[in-house]
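Reviewing the structure listed below.
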Amino acid sequence: MQRGSHALPPAVDFARLCQGDEPGLKATIQKYGAFKIKNHGISLSAKDRCFAFSRDFFGQSCASKRMEPAFSRFEGEKVKETRIPKESLYVSKNKLYDYPAVQRLSKELERITPELLQAISRTLTLSPSLESFHSGASDQLAFHHYPEVPEALERSPAHRDWSLLTLLMYEDTGRSNGLEIAERPYLRQGGAPANSAKFIPVNPGRDEITVLLGNMLPRLAKLHQWEDVRSCLHRVSGFGDRYSIACFINAEDDLLLGGDGTTAREHREHWETRSKVQD
Ligand SMILES: O=C(O)CCC(=O)C(=O)O
Ligand SMILES: [Fe+2]
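Numbering (the UniProt record's numbering), first residue to last: 1 to 279.
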């Protein structure tokens, strides 16, 4: 049962969603820009292997990690001017051969992505369907590590992702993991929506994946005159050592995202540059 309006509704059965409509999903996406899925076909062993890889990778010395071009150092990224107290490793599709531990998870995610894009398109009546904008070549896996920082309550400030979709995976710790999502409509009391929004905890259950709508979607909605599709405003709070895996599903690089001629690649690179802390 959904606990009032104070929690993201229970995870949708992905296999069932692929067979047909899921009552209530459209309302959930419109309210949160996010939903959870279970029975998704991503194996626990592939996921566990990646979390083990992540712990080993981030457990190395700073000098070793800095040798890795895909490594983004602690506080190396920001939201507006706030540095994020995390370190990350970004694995692009063309670098997968360097990371054998990651290949299986990537393959499994690749297999479910077209079905997920189709299901979202059907639920929101988007035409052309989202999978026609996606080849998978520019999708990326991000491994995040938020080391314990006693004084940091807000671990990642409120932001939206620049992707089409973000799939978030966690270890099953059995406790709240800090991901929070803004509920719509935002109360606009003079402040920016990010400050006035009401955030609810997500608390993904065992082996659930949280799906967030990213900023490529509202751009496509405008271009194709779809009904208002908003991206998910989210943040991370809490204490303790924390690991997460994000799969960024992006529209193919050459796709036009707006009447101004911006391509998906330019959109992505613009936001990547904006979020980097310059040394
Ligand atoms: O670590 C998380 O739970 C969220 C990560 C996130 O927001 C991102 O990768 O954009
Ligand atoms: Fe995010």
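We treat Cβ as the ideally placed atom computed from N, Cα and C, and that holds for glycine.
Note that the structure is a prediction, hence the values are computed from the model and not measured.
Given residue i as reference, the closest of the options once Cα atoms are compared
i           : options                               : result
Ala-119     : Ala-101, Val-211 and Ala-182          : Val-211
Gly-199     : Ala-158, Met-216 and Arg-230          : Rather than Gly, the amino acid found at residue 199 in this sequence is Phe. Checked all of Ala-158, Met-216 and Arg-230; the closest Cα to Phe-199 is Ala-158.
residue 342 : Ser-54, Leu-179, Gly-240 and Cys-50   : The first residue shown for the chain is 1 and the last is 279, placing residue 342 beyond what the model contains.
Asp-260     : Arg-274, Ser-275, Lys-222 and Arg-235 : Lys-222
Asn-94      : Gln-60, Gly-238 and Lys-107           : Lys-107
Ala-7       : Arg-49, Gly-20, Glu-252 and Arg-184   : Arg-184
Ile-84      : His-40, Asn-39 and Gly-76             : Gly-76
Thr-82      : Glu-252, Arg-235 and Glu-266          : Arg-235
His-134     : Asp-253, Glu-266, Val-277 and Phe-74  : Asp-253
Glu-154     : His-224, Leu-96, Pro-114 and Val-79   : Val-79
Asp-172     : Pro-204, Arg-160 and Leu-164          : Pro-204
Arg-55      : Arg-242, Trp-271, Thr-262 and Asp-279 : Arg-242
His-224     : Leu-130, His-40, Phe-53 and Ala-15    : Leu-130
Leu-164     : Gly-136, Asn-177 and Leu-96           : Gly-136
Leu-126     : Asn-39, Pro-201, Arg-219 and Phe-71   : Arg-219
Asp-161     : Gly-238, Gly-178, Ser-132 and His-270 : His-270
His-40      : Gly-238, Asn-250 and Arg-206          : Arg-206
Cβ-heavy atom distance, residue i to ligand 2, below 7 Å
i       : result
Asp-161 : yes
Thr-262 : no
His-234 : yes
Thr-166 : yes
Where residue i sits in the DSSP three-state scheme
i       : result
Tyr-90  : strand
Gly-4   : Annotation note: pLDDT 46 at Gly-4 (below 50); position unreliable, no value reported.
Asp-225 : The sequence shown places Gln at residue 225, rather than the Asp named in the question. Note: Gln-225 maps to coil in three-state DSSP.
Tyr-99  : coil
His-159 : strand
Thr-173 : coil
His-145 : strand
Arg-83  : strand
Arg-219 : helix
Arg-230 : coil
Asp-21  : coil
Ile-29  : helix
Thr-125 : coil
Gly-134 : First, the residue type needs correcting, since residue 134 is His and not Gly in the sequence shown. It is coil, neither helix nor strand.
Identified DSSP bridge partners for residue i
i       : result
Lys-276 : Glu-77
Val-12  : Ile-37
Phe-57  : In the DSSP output, where bridge partners are listed per residue, Phe-57 has none listed.
Ile-200 : Ile-181
Thr-263 : Leu-256
Glu-154 : Ser-237
Leu-167 : Val-211 and Cys-247
Gln-140 : Ser-92 and Phe-248
Phe-71  : Leu-89
Arg-206 : DSSP output for Arg-206 lists no bridge partner at all.
Arg-66  : Answer is none; Arg-66 lacks a bridge partner.
Arg-111 : None; Arg-111 has no bridge partner.
Arg-242 : Tyr-146
Any non-hydrogen atom of ligand 1 within 7 Å of residue i CB
i           : result
Leu-105     : no
Ala-52      : no
Leu-126     : no
residue 285 : Here the chain comprises residues numbered 1 to 279, so residue 285 is not present and cannot be evaluated.
Ala-142     : yes
Ser-244     : yes
Ser-129     : no
Leu-179     : yes
Ser-176     : no
Ser-156     : yes
Proximity test, Cβ basis, 8 Å: residue i and chain B
i       : result
Leu-117 : Structure shown: chain B not included; a single protein chain is present.
So, does the region 146-163 touch the region 39-47, judging by three or more C-beta pairs under 8 Å? no
Between the region 24-37 and the region 217-233, can you find at least three pairs of beta-carbon atoms closer than 8 Å? yes
Specify whether the region 159-171 and the region 203-210 touch according to this definition: at least 3 beta carbon pairs, one from each stretch, less than 8 Å apart. yes
Check whether the region 131-144 and the region 245-255 touch, using three or more Cβ-Cβ pairs below 8 Å as the test. yes
Would you call the region 96-112 and the region 47-55 in contact, with 3 or more CB pairs under 8 Å? yes
Touch check for the region 114-134 and the region 55-68: three-plus C-beta pairs under 8 Å? no
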